[in-house]
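**Student:**
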Amino acid sequence: MAKWLFVITVLLVSGVSYYAIEKIGDESALPYFGEEDHGLPDFSFTDQLGKEVTRKDLEGKVVIANYFFTSCPSICPKMTRNLQLIHDVVRQDENIVMLSLTVDPKRDTPERLKKYASTYNVNHDSWHFLTGDKKLLYRMARKGFLISASDGGGDEYDFIHSENVVLLDQEGKIRGFYVGTDAPNISDCLQDIKKLI
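Residue numbers (this note's numbering): 6 to 202.
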């Protein structure tokens, strides 16, 4: 009896220790990107339901973000389908929010974004397709999400077309970049999301 009690105790302690180390070790293993004080600037964009979404709405939440446009014939549909795999897992978690920001706000009105989002059966409370002022959207891509290294002011001829997906932690710090068109890379993103929650 004492032998079994000892074995059970060892297994229990090692299991709890493994979980604690794994949970603590996982989050700290994720890198930080950008300067130490880097964070998202204040913003106000409009989602597919016509609702305003601001930086304040993201506070305390894990954020998955990407840039796209609804008339994109190449990488955007594949990236959105891959992000839908993440969304299907996290759609009911109030601590996670997904943002898809348009690079073509002239065409991507809230109505058009809603139609696009409905194609992917999204939970409109947890996945926001955003539009707004082009200069502000592009500044957010470059200065906030660090998606594009190229300079530009968001003028008529400025265009960002990136397959990057960005992961931010609850403090608004960038913790990962992923190739949105690559399913295994999106799977890595999902695993990293789990490390943060």
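No residue lacks a Cβ here, since even glycine has one placed at the ideal position from N, Cα and C.
Measure from the alpha carbon of Y35 to the alpha carbon of each residue in A146, K83, I191 and F182, then state which is nearest.
**Tutor:** Indexing the sequence shown from 1 puts residue 35 at position 30. This sequence places Leu at residue 35; Tyr is not what is there. Ranking A146, K83, I191 and F182 by Cα distance to L35 puts F182 first.
**Student:** If we ignore side chains and look at the alpha-carbon of each, how far apart do N190 and E116 end up?
**Tutor:** Taking the first residue of the sequence shown as 1, we reach residue 190 at position 185. Taking the first residue of the sequence shown as 1, we reach residue 116 at position 111. Looking at the two C-alpha atoms, the distance is approximately 31 Å.
**Student:** Could you give the first and the last residue of the continuous alpha helix (DSSP H) run that contains V95?
**Tutor:** Within the sequence shown, residue 95 is the residue found at index 90, counting from 1. Its alpha helix (DSSP H) spans residues I80 to V95.
**Student:** Taking 6 Å as the limit between beta carbons, can you name the residues of its chain near V184, skipping five residues before and five after?
**Tutor:** Mapped onto the sequence shown, residue 184 falls at position 179. Hits under 6 Å: E168 and N190.
**Student:** Taking the DSSP output, what are the residues bridged to M103?
**Tutor:** One-based indexing of the sequence shown puts residue 103 at position 98. In DSSP, M103 forms a bridge with I69 and W132.
**Student:** Report the rounded CA-to-CA distance for Y4 versus R147, giving the unit in angstroms.
**Tutor:** This structure gives no information on residue 4, because the portion of the chain shown stretches from 6 to 202.
**Student:** Within 10 angstroms of its Cβ, does D174 collect 16 or more other Cβ (buried), or is it exposed?
**Tutor:** Along the sequence shown, read from residue 1 onward, the residue named residue 174 stands at position 169. By the 10 Å Cβ count, D174 comes out buried.
**Student:** Output the distance between the C-alpha atoms of K139 and E57, rounded to the nearest integer angstrom.
**Tutor:** Counting from 1 along the sequence shown, the entry for residue 139 is found at position 134. Counting from 1 along the sequence shown, the entry for residue 57 is found at position 52. Looking at the two C-alpha atoms, the distance is approximately 16 Å.
**Student:** Using a Cβ distance threshold of 8 Å, determine whether the segment 118 to 132 contacts the segment 36 to 47, with at least three qualifying pairs required.
**Tutor:** In short, these stretches do not touch, since the Cβ pair count stays below three.
**Student:** Would D98 and T107 be called neighbours here (beta carbons separated by less than 8 Å)?
**Tutor:** As a working mapping, residue 98 is identified with position 93 in the sequence shown. As a working mapping, residue 107 is identified with position 102 in the sequence shown. No, Cβ-Cβ distance for D98 and T107 is not below 8 Å.
**Student:** Distance, Cα to Cα, R144 vs L172?
**Tutor:** Working through the sequence shown from its first residue, we reach residue 144 at position 139. Working through the sequence shown from its first residue, we reach residue 172 at position 167. Between R144 and L172, the C-alpha separation is close to 18 Å.
**Student:** Tell me the rounded alpha-carbon separation between W132 and R60.
**Tutor:** Residue 132 sits at position 127 when you count from the first residue of the sequence shown. Residue 60 sits at position 55 when you count from the first residue of the sequence shown. Distance between the alpha carbons of W132 and R60 is about 15 Å.
**Student:** Among D193, L195, Q196 and G177, whose alpha-carbon lies nearest the alpha-carbon of E64?
**Tutor:** As a working mapping, residue 64 is identified with position 59 in the sequence shown. Considering only alpha carbons, the answer is G177.
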